[in-house]
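Engineer: Under this note's numbering, think of the first position of the sequence shown as 225, with each following residue one higher. Ideal Cβ positions, reconstructed from N, Cα and C, are used throughout, including at glycine. Before I ask anything, here is the structure I am working with.
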Amino acid sequence: MASKREREINNGSKEEEELNSLSESKRQRLAEESSPSPPPVSIANPLSGLANNYADVDEEEDYERRELSTTVGEKGNGGSQRNGNGYDEEDEDEDDEEQLSVGRYNRQIEVRRDCPYLDTVNRQVLDFDFEKFCSVSLSNLNVYACLVCGKYYQGRGKKSHAYTHSLEAGHHVYINLRTEKVYCLPDGYEINDPSLDDIRHVLNPRFTREQVEQLDKNKQWSRALDGSDYLPGMVGLNNIKETDFVNVTIQSLMRVTPLRNFFLIPENYQHCKSQLVQRFGELTRKIWHARNFKGQVSPHEFLQAVMKASKKRFRIGAQSDPVEFMSWLLNTLHADLRTSKKNSSIIYKCFQGELEVVKEIPNKLISEKRENNEEQNSMDKLSDGGTERHGFVTETSRMPFLMLGLDLPPPPLFKDVMEKNIIPQVPLFNILKKFDGETVTEVVRPHIARMRYRVTRLPQYMILHMRRFTKNNFFVEKNPTLVNFPVKNLELKDYIPLPTPKENEKLRSKYDLIANVVHDGKPGEGFYRVFVQRKSEELWYEMQDLHVSETLPQMVALSEAYMQIYEQQQ
Numbered sequence: 225m226a227s228k229r230e231r232e233i234n235n236g237s238k239e240e241e242e243l244n245s246l247s248e249s250k251r252q253r254l255a256e257e258s259s260p261s262p263p264p265v266s267i268a269n270p271l272s273g274l275a276n277n278y279a280d281v282d283e284e285e286d287y288e289r290r291e292l293s294t295t296v297g298e299k300g301n302g303g304s305q306r307n308g309n310g311y312d313e314e315d316e317d318e319d320d321e322e323q324l325s326v327g328r329y330n331r332q333i334e335v336r337r338d339c340p341y342l343d344t345v346n347r348q349v350l351d352f353d354f355e356k357f358c359s360v361s362l363s364n365l366n367v368y369a370c371l372v373c374g375k376y377y378q379g380r381g382k383k384s385h386a387y388t389h390s391l392e393a394g395h396h397v398y399i400n401l402r403t404e405k406v407y408c409l410p411d412g413y414e415i416n417d418p419s420l421d422d423i424r425h426v427l428n429p430r431f432t433r434e435q436v437e438q439l440d441k442n443k444q445w446s447r448a449l450d451g452s453d454y455l456p457g458m459v460g461l462n463n464i465k466e467t468d469f470v471n472v473t474i475q476s477l478m479r480v481t482p483l484r485n486f487f488l489i490p491e492n493y494q495h496c497k498s499q500l501v502q503r504f505g506e507l508t509r510k511i512w513h514a515r516n517f518k519g520q521v522s523p524h525e526f527l528q529a530v531m532k533a534s535k536k537r538f539r540i541g542a543q544s545d546p547v548e549f550m551s552w553l554l555n556t557l558h559a560d561l562r563t564s565k566k567n568s569s570i571i572y573k574c575f576q577g578e579l580e581v582v583k584e585i586p587n588k589l590i591s592e593k594r595e596n597n598e599e600q601n602s603m604d605k606l607s608d609g610g611t612e613r614h615g616f617v618t619e620t621s622r623m624p625f626l627m628l629g630l631d632l633p634p635p636p637l638f639k640d641v642m643e644k645n646i647i648p649q650v651p652l653f654n655i656l657k658k659f660d661g662e663t664v665t666e667v668v669r670p671h672i673a674r675m676r677y678r679v680t681r682l683p684q685y686m687i688l689h690m691r692r693f694t695k696n697n698f699f700v701e702k703n704p705t706l707v708n709f710p711v712k713n714l715e716l717k718d719y720i721p722l723p724t725p726k727e728n729e730k731l732r733s734k735y736d737l738i739a740n741v742v743h744d745g746k747p748g749e750g751f752y753r754v755f756v757q758r759k760s761e762e763l764w765y766e767m768q769d770l771h772v773s774e775t776l777p778q779m780v781a782l783s784e785a786y787m788q789i790y791e792q793q794q
């Protein structure tokens, strides 16, 4: 009897299976009829492991994508696309990225205001002046700063360094250094609390156009976290290692109002991709920021950009000449900032003047060169354009300048009766005679010639450089001659012939000193310091790396000036 029942049950189950299989085949057939294309095969995403590791759900990429979409048009499908790090990613990877980002947009992050760990934030240890690299992996992607210990870690996912640090050290509050969003780890929610705004301002200082206009009227001191007072714009710069030549150049340029105002507002140069320009803008904003946590700034990121852009011509740990650095910096910033249509930039608007150069070349030299067939074409052109007189061929040309070099008279060779070398003094007007259009300057390189210079257009800001150092085959010598110069009202028209102004224009030939770079010590060694003027109170400050102290205007004129910036009186 039991076996009969079992047989019936088995028969029933077989019938059910057949019915199920029939319905499944019907379902498949219907699906095939409705959709002609085969169902997509799910391929394991090669980036999914990475995404889980540093699953930053991180709006950083979304944030970049949004920024890029506003500036960059769509690229063609052909070929590979270059990402922010300079790697080429093939189309497949891009598709994977798109799939990932879709997933990221769908994933919601909880935003909370009541984080219990906000009291652990330690503002004393926060320092955003250094490069934004993870302290473990040394990667600059998705870097977060721990707001408890100040260290930088990568990622926010479960296998990331920031997540591990939050579990190991019990530090729970992190800020994304790119998007400025604050998160609590390991919980993973975003913290939206206005008490953290001061940290965001220190990470990325911001200025409105109204604030920028009021900067030179501000007489208010700011207070750092350690209780020390500092003046915005008059903060010390850290000497990382023999980088005082960079510090004095930056402090001098910070007194040039149009240049400073241009770099305080990032929208002015957002089209520029140059790291040097971006880092210089960041440094300018940090120096003039009134809500810093400390009264000094480290130009670390700027120096890294300088080393890269100058191919290590200027680097940390090697003393260089501030005049060479100033010349290189201004020319590089101009080249990076200029627009393709016209060759102008904020650098040229501030510092560019024009010289008329009259060059006299001995006729004998030209005939020799022609015989030797050296520079045949250029010489033909020159002799055609020039006039021949007393065995000399004269050519006249106009050339722009950013800086004027002044020659100092040689110091006395012998000691006086008191067995001391008298330090000679020379008025600035005597050495400015080089540019009166009559004084002849003998030059040896590239070939012997006599030069006469005349200023045909005055710049708004004039940079003068006293040639103190002379190099011979054996060593570098320093000329100790003191230059007597006025701190205010340097009237040029009394000493050098100036161009006649156009109609309805006033000749502006009066200049005021705003920065004076000084070299102390032996040539090749020693150190640089700078005297700068604070516009709001017309006080003078002496700055040497981190040391900033008020000084008298009379002390400025007693120093061995090496480079000066003068501002045209309006």
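Use the C-beta contact count for His-177: other C-beta atoms within 10 angstroms, 16 or more gives buried, fewer gives exposed.
Structural biologist: Because residue 177 is not part of the residues shown, which for the chain are 225 to 794, the question remains open.
Engineer: Looking at Lys-658 and Leu-632, is the spacing between their C-beta atoms short of 8 Å?
Structural biologist: Not closer than 8 Å, so no.
Engineer: Just verifying my parser: in three-state terms, what is the DSSP assignment at Tyr-341?
Structural biologist: Coil.
Engineer: Go ahead and label Arg-306 buried or exposed: buried means 16 or more other beta carbons lie within 10 angstroms of its beta carbon, across all protein chains shown.
Structural biologist: Residue placement at Arg-306 is poorly supported in this model, since its pLDDT is 43, which falls under 50; the coordinates are not used for a value here.
Engineer: By how many angstroms is the C-alpha of Arg-430 removed from the C-alpha of Gly-541?
Structural biologist: Their backbone Cα atoms lie some 32 Å apart in a straight line.
Engineer: Does the beta carbon of Pro-633 sit closer than 8 Å to a beta carbon anywhere in chain B?
Structural biologist: Here chain B cannot be found, since the structure has a single protein chain.
Engineer: Under the three-state reduction of DSSP, which class applies to Thr-795: helix, strand or coil?
Structural biologist: Examination of residue 795 is not possible in this model, given that the chain is present from 225 through 794 alone.
Engineer: Can you look up Ile-267 in the DSSP assignment and give me helix, strand or coil?
Structural biologist: Only weak support exists for where Ile-267 lies, its pLDDT of 47 falling under 50; the value from the coordinates is given anyway. It is coil, neither helix nor strand.
Engineer: Could you name the residues that DSSP lists as bridge partners for Asp-422?
Structural biologist: Paired residue(s): none; Asp-422 is not in a bridge.
Engineer: Give me the residue from Ala-739, Met-531, Leu-716, Leu-553 with the minimum Cα distance to Ser-733.
Structural biologist: Comparing Cα-Cα distances from Ser-733 to each of Ala-739, Met-531, Leu-716, Leu-553, the minimum goes to Leu-716.
Engineer: Which first and last residues belong to the beta strand (DSSP E) in which Ile-720 is found?
Structural biologist: Element bounds for Ile-720: n/a, residue is neither H nor E.
Engineer: Just how far apart, CA to CA, sit Pro-723 and Asp-660?
Structural biologist: Rounded to the nearest angstrom, the two C-alpha atoms are 11 Å apart.
Engineer: What does DSSP give as the partner residue(s) for Ile-789 in the beta ladder?
Structural biologist: For Ile-789, which the question treats as bridged, DSSP gives the partners Ile-687, Ala-739.
Engineer: Go ahead and label Asn-309 buried or exposed: buried means 16 or more other beta carbons lie within 10 angstroms of its beta carbon, across all protein chains shown.
Structural biologist: Model confidence at Asn-309 stands at a pLDDT of 43, short of 50, so the residue's coordinates are unreliable; what they give is reported in the following sentence. Label assigned to Asn-309: exposed.
Engineer: Ordered along the chain, which non-local residues of its own chain (more than five positions away) have a Cβ less than 7 Å from that of Leu-477?
Structural biologist: Only Leu-483 meet the Cβ criterion.
Engineer: Helix, strand or coil for Asn-708, going by three-state DSSP, please let me know.
Structural biologist: The answer is strand: DSSP assigns Asn-708 an E or B state.
Engineer: Smallest Cα separation from Asn-516: which of Leu-688, Leu-682, Asp-353?
Structural biologist: Closest by alpha carbon: Asp-353.
Engineer: Judging by CA-CA distance, which residue of Gln-576, Asp-411, Glu-784, Glu-791 is the nearest neighbour of Gly-394?
Structural biologist: When each option's Cα is compared against that of Gly-394, the closest is Asp-411.
Engineer: Figure out for me which residue from Pro-721, Asn-462, Trp-512 has the closest Cα to the Cα of Gln-438.
Structural biologist: It is Trp-512 whose Cα lies nearest to the Cα of Gln-438.
Engineer: The alpha helix (DSSP H) that contains Ser-476, what's its start and end?
Structural biologist: Looking at the DSSP string, the run of the alpha helix (DSSP H) that includes Ser-476 is 468 to 477.
Engineer: Please state the DSSP three-state secondary structure of Cys-373.
Structural biologist: Coil, per DSSP.
Engineer: Can you look up Ile-570 in the DSSP assignment and give me helix, strand or coil?
Structural biologist: DSSP places Ile-570 in helix when its eight states are reduced to three.
Engineer: Ends of the beta strand (DSSP E) at Met-767?
Structural biologist: Per DSSP, Met-767 belongs to the beta strand (DSSP E) from 763 to 768.
Engineer: Locate the alpha helix (DSSP H) running through Met-779, then write down its first and last residues.
Structural biologist: Segment 777 to 781, the alpha helix (DSSP H) holding Met-779.
Engineer: Between Tyr-413 and the rest of its own chain, which residues show a CB-CB distance below 6 Å, the 5 nearest in sequence each way excluded?
Structural biologist: Within the same chain, Tyr-413 has close Cβ partners Glu-334, Arg-336.
Engineer: Tell me Cys-408's beta-bridge partners as DSSP assigns them.
Structural biologist: DSSP lists Val-397, Tyr-413 as partners of Cys-408.
Engineer: May I ask you to list the residues that DSSP assigns as paired with Met-623?
Structural biologist: BP columns for Met-623 point to Leu-579.
Engineer: Could you give the C-beta distance for Val-406 and Cys-373, rounded to a whole number, given that I count them as a contact under 8 Å?
Structural biologist: Contact doesn't hold; Cβ gap of about 15 Å is too wide.
Engineer: Distance, Cα to Cα, Lys-518 vs Pro-634?
Structural biologist: Going from the Cα of Lys-518 to the Cα of Pro-634 covers about 45 Å.
Engineer: Thinking C-beta only, is Val-742 closer than 8 Å to Ser-783?
Structural biologist: Yes, they are a contact pair.
Engineer: Excluding five sequence neighbours on each side, which residues of the same chain lie with their C-beta closer than 8 Å to the C-beta of Trp-552?
Structural biologist: Closer than 8 Å at the Cβ level, and outside the excluded window around Trp-552, lie Ser-534, Arg-537, Phe-538.
Engineer: Could you pull the start and end residues of the beta strand (DSSP E) that Gln-649 belongs to?
Structural biologist: Counting along the chain, the beta strand (DSSP E) containing Gln-649 begins and ends at 649 to 651.
Engineer: Could you say which of His-689, Thr-705, Thr-663 lies nearest to Arg-678 if we only look at CA atoms?
Structural biologist: The residue with the shortest Cα to Cα distance from Arg-678 is Thr-663.
Engineer: Using alpha carbons as the reference points, say which of Pro-340, Leu-401, Ala-386 lies closest to Asp-351.
Structural biologist: Per the Cα distances, Leu-401.
Engineer: Considering only C-alpha positions, which residue in the set Thr-705, Val-530, Asn-555 is nearest to Ser-544?
Structural biologist: Comparing Cα positions, the closest option is Val-530.
Engineer: Classify Asn-366: buried if its beta carbon has 16 or more other beta carbons within 10 angstroms, exposed otherwise.
Structural biologist: Buried, by the Cβ-count rule.
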